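Using my numbering, you'd call the opening residue of the sequence shown number 52 and step up by one each time.
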Amino acid sequence: MTELSSFDANAPLLVVTSFAPSNQGGGAVIVRSLLRGSESRVVWASLEAAEQGYDGPTAQIRAGRRPWLTPPIVAARRIDELAQAHSASAIWAVAHGALVPWLPALAKTSARGLHVSIHDEPAWGTAFRGRRQLPLVPWLHVQFDRTIAAATSLDAIGGGMRALIARRSGRDSIVIHRVLDEPVPVNDVRRDRTRLTIGLLGSVYGRHQFADLTQMLARASALVGVPARLVVVGARSARLESAVRTGGVDVTFTGHLAEPDGIDLLRRSFALYVGYPFGLRDRMIRRTSFPAKLATYVQAARPLLVHAPYDSSLAPLFGLQPFVIPWASRDIGDGARVLASAWREESLQGSQDEGAETVRQAYFSPGNRERLFLLLNQLAGPA
52 MTELSSFDAN APLLVVTSFA PSNQGGGAVI VRSLLRGSES RVVWASLEAA EQGYDGPTAQ
112 IRAGRRPWLT PPIVAARRID ELAQAHSASA IWAVAHGALV PWLPALAKTS ARGLHVSIHD
172 EPAWGTAFRG RRQLPLVPWL HVQFDRTIAA ATSLDAIGGG MRALIARRSG RDSIVIHRVL
232 DEPVPVNDVR RDRTRLTIGL LGSVYGRHQF ADLTQMLARA SALVGVPARL VVVGARSARL
292 ESAVRTGGVD VTFTGHLAEP DGIDLLRRSF ALYVGYPFGL RDRMIRRTSF PAKLATYVQA
352 ARPLLVHAPY DSSLAPLFGL QPFVIPWASR DIGDGARVLA SAWREESLQG SQDEGAETVR
412 QAYFSPGNRE RLFLLLNQLA GPA
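Here's what the structure looks like:
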């Protein structure tokens, strides 16, 4: 097994993120899975204070209450000072949030090797889709290009992001996902055949997509002759609730749950919803990002209801039928017919651990950790 052999407690790897090591979603879960068993060889520095949920040594980056307003050169010097204080041999940073504009300056300021992970395209894939950061899009675009040009080495969250990096910089990168070390267990929970239950972890990318989902469930419910329920594992959202345009679906928000508890609940669903938006404004995110929730879903061993265009990063999953229930349009009737047909498929009533294991091996195997550590070990050198 490949280890972080170039680092130890006296000369650790400095991991730099905008999110706390203990965060329960997204990038933090990915990084923790990759560091599993190697926590003593790294110091994890973040903008947020670490809480319970991560056992390794941590540090906090001093960036004030509004880190976006911190000059990049100032932030870069503070990170490099942290690296010196901990005798770090190299730096691994995740290009997310306020870190994005700091990383080009960090690459110039620090004499240490800098590996950068790209989970989302910050300008056109994130800021462009919102309102608060929309004016920052041109600036973030430039800073992102400078980041991928300046980093010593790079990893991408999927093939679409890897292609984008190559197109924008001419540089190669490796694809790294979250690691699930253990095979998918058999789901021995008995399904409720009297109700069509769909599980959703977290949220969707917009209220219109949520409305499409609830309308489709109402139509599918009528086709199969049983009531429909949507269980959202996550915080209650008045904005999403306002998008429900039909009274035919019972929508339940569970509030935040630890991942094991969320998986236990999702195991009781008929299928689990994962999707990407269809709009022109959403092209970048659906082509270059990859949903972190998929790694949680496969552990529940239930069918996947994949709702995304054929140009999205989820498109390769469409071939894994019947485990994957494909809904590749915004047509409500088409989605309802596909889901109703799956409901009647006897092979989908039992555990779907075989299909889920195929997805785990394709995306979330320990090979991700081994590929990343080979790169990180090459970074270490005299500080």
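Note that CB positions come from ideal geometry on N, CA and C, so glycine has one too. Being a predicted model, the structure only gives us computed values, none of them experimental.
Residue burial classification, residue i (beta-carbon count within 10 angstroms, cutoff 16)
i	result
residue 54	exposed
residue 213	buried
residue 185	exposed
residue 95	buried
residue 140	buried
residue 433	Confidence is the limiting factor: at residue 433 the pLDDT is only 46, short of 50, which leaves the residue's position unreliable, though a coordinate-based value still follows. It is exposed - the Cβ of residue 433 has fewer than 16 other Cβ atoms within 10 Å.
residue 234	exposed
residue 41	This structure does not reach residue 41, given that the chain is present from 52 up to 434, and the question cannot be answered.
residue 61	exposed
residue 272	buried
residue 241	exposed
residue 309	exposed
residue 427	buried
residue 204	buried
residue 183	exposed
residue 221	exposed
residue 420	buried
residue 404	buried
residue 59	exposed
Which of helix, strand or coil DSSP assigns to residue i
i	result
residue 94	strand
residue 110	strand
residue 177	coil
residue 153	coil
residue 215	helix
residue 287	coil
residue 324	strand
residue 280	strand
residue 144	strand
residue 389	helix
residue 62	strand
residue 226	strand
residue 434	Residue placement at residue 434 is poorly supported in this model, since its pLDDT is 42, which falls under 50; the coordinates still yield a value, given next. Coil, per DSSP.
residue 245	coil
residue 265	helix
residue 195	helix
residue 424	helix
residue 415	coil
residue 6	The requested residue 6 does not occur in the structure, where the chain is confined to residues 52 to 434.
residue 275	helix
residue 368	helix
Other residues of its chain near residue i: CB distance less than 6 angstroms, five sequence neighbours each side excluded
i	result
residue 377	357 and 369
residue 211	338, 339 and 364
residue 360	329
residue 260	328
residue 66	93, 95 and 143
residue 173	151, 191 and 195
residue 83	none
residue 109	72, 95 and 101
residue 283	251 and 304
residue 118	98 and 149
residue 324	249, 251 and 356
residue 81	229
Which residues DSSP lists as bridging residue i, in chain order
i	result
residue 378	358
residue 383	Answer by DSSP bridge pairing: none, since residue 383 is not bridged.
residue 205	167
residue 82	None; residue 82 has no bridge partner.
residue 250	282 and 323
residue 124	Its beta-bridge partners do not exist; DSSP assigns none.
residue 304	283
residue 68	97
Nearest candidate by alpha-carbon position, reference residue i, set the options
i	options	result
residue 425	338, 133, 225 and 109	225
residue 388	366, 268 and 289	268
residue 215	169, 203 and 180	169
residue 164	144, 105 and 177	144
residue 253	59, 345, 85 and 101	345
residue 402	381, 239 and 177	239
residue 311	349, 176 and 245	349
residue 382	430, 318 and 265	265
residue 280	341, 322, 331 and 301	301
residue 423	247, 315 and 206	206
residue 63	87, 91 and 399	91
residue 103	159, 121 and 74	74
residue 105	85, 227, 193 and 257	85
residue 336	153, 156, 198 and 209	209
Cβ shell of residue i (< 7 angstroms), same chain only, five flanking positions each side left out
i	result
residue 161	131, 134 and 142
residue 89	54 and 55
residue 245	277
residue 394	247, 275 and 321
residue 158	165, 201 and 202
Same chain only: Cβ atoms within 8 angstroms of residue i, ignoring 5 sequence neighbours per side
i	result
residue 147	68, 69, 70, 78, 170, 171 and 173
residue 237	352, 402 and 404
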